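Some notes on the structure that comes next.
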Amino acid sequence: MKDSQPWYIQAFQNTYSLVYPHRNESVAQCEVRSLVQSLQLTKPKTILDVGCGSGRHMYAFESMGFHCFGLDLSMHLLEKASVHRNLHGRLVYADMRYFPFRFKFDVIVNLFSSFGYFLNSTDNRSVLDNIHNCLSKNGLFILDHINKTYLQNSLVPESIYKTADAVIRQKRMIVNNRITKKVVITYADQSEIEYTESVQLYTEVEMKELLESCGFVVSSVWGDYSGECFNEHSKRMVMICQAH
Ligand SMILES: C[S@@+](CC[C@H](N)C(=O)[O-])C[C@H]1O[C@@H](n2cnc3c(N)ncnc32)[C@H](O)[C@@H]1O
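In terms of my numbering, the sequence shown opens at residue 1 and continues consecutively.
Okay, here's the thing in structure tokens:
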């Protein structure tokens, strides 16, 4: 793996499903059902999944009758979405800092910590500006990010597990308000892949301020996809926003 590539290119190749096996399709189906129910989403709606990965949430939205598009920078994951989930034609290979769309969406989602990847705050902000510009009037934006307080209180500094093909070692720490995770994968033939993930953390207040400065109205903050109130024990921080 080339060190010259940014981490968010290195981390989302064929090693991704080894490191995050629990982020699977059946979990996504439950999450999307919860979201649709709690938001009382009714058809027809066009949805854009920013950082759609292998399309597991797109597929779930589609199976509930919504018309879903996805944007991602990993050709490997987009191919999975295209081949395994038959989402061909609705997938866009692009960087979330530079949207190619000329039309607007009713709902935009950014799920499972797919935000705060860039070291430069202007870059992170440009993702939200793009989303705001691509939402129809009164459109909904759902941002599902890490709950900083929960993470600080529950951080597992080191973990190791084995699969049939590899040993995966992960070291986690919070540095400069970012969660950084060093991942080392050792295959049976002793070859190794190593990279460090790095995601910006935000408190509830900081995230709200950022969203509001980009023109969103934050109508609620949930601790999960079913609409539970957010607090310091919530595993997730789910911002429900409207564009006016
Ligand atoms: C943590 S994964 C989540 C994927 C998906 N939302 C899910 O829950 O399965 C983050 C996703 O963001 C994508 N990504 C990373 N950097 C990106 C960028 N600059 N522009 C667009 N997508 C990017 C990755 O390729 C990856 O698919």
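We treat Cβ as the ideally placed atom computed from N, Cα and C, and that holds for glycine. All values derive from a computational prediction rather than experimental measurement.
Q) Is it buried or exposed for G65, if we count other Cβ within 10 angstroms and need 16 for buried? A) exposed
Q. What's the call for N231, buried or exposed, on a 16-neighbour Cβ count within 10 Å?
A. exposed
(Q) For S26 and F103, what's the separation of their Cα atoms in angstroms? (A) 31 Å
Q: Under the assumption that D72 contacts G51 (Cβ atoms under 8 Å), give the Cβ distance between them as a whole number of angstroms.
A: 6 Å
Q. To the nearest angstrom, how far is it from the Cα of V183 to the Cα of P157?
A. 12 Å
Q.
Looking at ligand 1, does it come within less than 7 Å of G116, judged from the CB to the closest heavy atom?
A. no
**Q.** Contact check, R97 vs S74, beta carbons under 8 Å
**A.** no
Q) In or out: K43 buried (at least 16 other Cβ within 10 Å) or exposed? A) exposed
Q: Identify which residue in H132, E212, A166, I142 has its Cα closest to the Cα of F101.
A: H132
**Q.** Three CB pairs or more closer than 8 Å across the stretch 107-125 and the stretch 30-50
**A.** yes
Q: Would you mind reading off the limits of the beta strand (DSSP E) that contains V217?
A: 216-222
Q | Sub-8 Å separation of N138 and Q37 beta-carbons | A | no
Q. Is the stretch 52-64 close to the stretch 197-205, with three or more CB pairs under 8 Å?
A. no
Q. With 16 other CB atoms within 10 Å as the buried threshold, where does K235 fall?
A. exposed
Q: Indicate, with yes or no, if ligand 1 has a heavy atom lying under 7 Å from the CB of D189.
A: no
Q: Quick one: residues in its chain with C-beta nearer than 8 Å to the C-beta of A188, no 5 flanking neighbours on either side, listed in chain order?
A: D165, A166
Q: Throw me the rounded Cβ distance for the M207 and N147 pair, which I believe falls under 8 Å.
A: With 8 Å as the limit, M207 and N147 do not qualify as a contact, their Cβ atoms being about 10 Å apart.
Q. Can you give, in chain order, each stretch of the alpha helix (DSSP H) that sits fully within the stretch 108-188 and has at least 4 residues?
A. 121-133, 148-154
Q: Could you check what DSSP says for Q200 in three-state terms: helix, strand or coil?
A: strand
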